[in-house]
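What follows is a short report on a single structure.
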Amino acid sequence: MPRLTDARKELRRAQIAEAAVRCFDRNGLERTSIADITAESGLSAGSIYTHYRNKADLVQATAREVLAKRAEVLGEYAASDTPPGPDELLARLIAAIDPAEARVGVQTWGEATTDPVIRGIVVDMIDQMRAMLLDCVTAWLVKVEHQEPAAARERATPIAHRVSALYQAELLYTALRSPTQETAL
Numbered sequence: 000m001p002r003l004t005d006a007r008k009e010l011r012r013a014q015i016a017e018a019a020v021r022c023f024d025r026n027g028l029e030r031t032s033i034a035d036i037t038a039e040s041g042l043s044a045g046s047i048y049t050h051y052r053n054k055a056d057l058v059q060a061t062a063r064e065v066l067a068k069r070a071e072v073l074g075e076y077a078a079s080d081t082p083p084g085p086d087e088l089l090a091r092l093i094a095a096i097d098p099a100e101a102r103v104g105v106q107t108w109g110e111a112t113t114d115p116v117i118r119g120i121v122v123d124m125i126d127q128m129r130a131m132l133l134d135c136v137t138a139w140l141v142k143v144e145h146q147e148p149a150a151a152r153e154r155a156t157p158i159a160h161r162v163s164a165l166y167q168a169e170l171l172y173t174a175l176r177s178p179t180q181e182t183a184l
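For the sequence shown, numbering that gives the first Met the number 0 gives the first residue as 0, with consecutive numbering after it.
Structure (structure tokens):
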């Protein structure tokens, strides 16, 4: 049997993670089994276990994949000659919310209250997101508002915290909307 290339491995991991998100969205995090993900992905259990040790590892990978999407966009915003201000930044983040990812995210937050492994994943993801938001707001204050970098960083900290909190509130709001409400928007 030929060995998988690194590119093929990444595609396979993405295929599994996407199937997991669909299963988590449909069945809930707790009620989704590796067998469900196997059926959804069309791959063997062995293939899934080749890429992920267990369901917690898969949850972490799906969370990282969602965060990576946000990181790419936030990095572009921060590198821009005219980064968006906090209101525009929040509006762009909200516009990019995927309802299924929001539902899985909220389920993950719920699991984090009782599962220390999941809690570690959630805290890490929130901390990384907040750091990226801090970089964006700092870049806006420096490049658009023409503040000194040190002062901008200090001023950006509470602003980034508020943007993060409002973004999380929108994730929750999106997760709680029914599919009928989603199509009406």
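Think of the CB as a built atom: it goes at the ideal place given N, C-alpha and C, for glycine as much as any other residue. Since the model is a prediction, treat every value here as computed from it, not as a measurement.
> Roughly how many angstroms separate the alpha carbons of Thr137 and Leu165, rounded to a whole number?
Replying inline: 18 Å
> Going straight from the alpha carbon of Val122 to that of Asp80, what length do you get?
Replying inline: 31 Å
>> My assumption, with CB atoms under 8 Å, is that Leu73 sits in contact with Leu132. Please give the rounded CB distance.
In response: 7 Å
> Which first and last residues belong to the alpha helix (DSSP H) in which Val235 is found?
Replying inline: Because the chain is modelled from 0 through 184, residue 235 falls outside the range shown and cannot be assessed.
> Exposed or buried, Thr112, counting other C-beta atoms within 10 Å across all chains shown (16 or more means buried)?
Replying inline: exposed
>> Restricting to runs no shorter than 3 residues, where is the beta strand (DSSP E) found entirely within the stretch 67-105?
In response: none
>> Can you confirm whether the stretch 80-90 touches the stretch 146-165 when touching is taken to mean that 3 or more C-beta pairs between the two stretches lie within less than 8 Å?
In response: yes
>> I'd like to check one pair, Ala62 with Ile120: are the Cβ atoms closer than 8 Å?
In response: Result yes, Cβ atoms of Ile120 and Ala62 sit closer than 8 Å.
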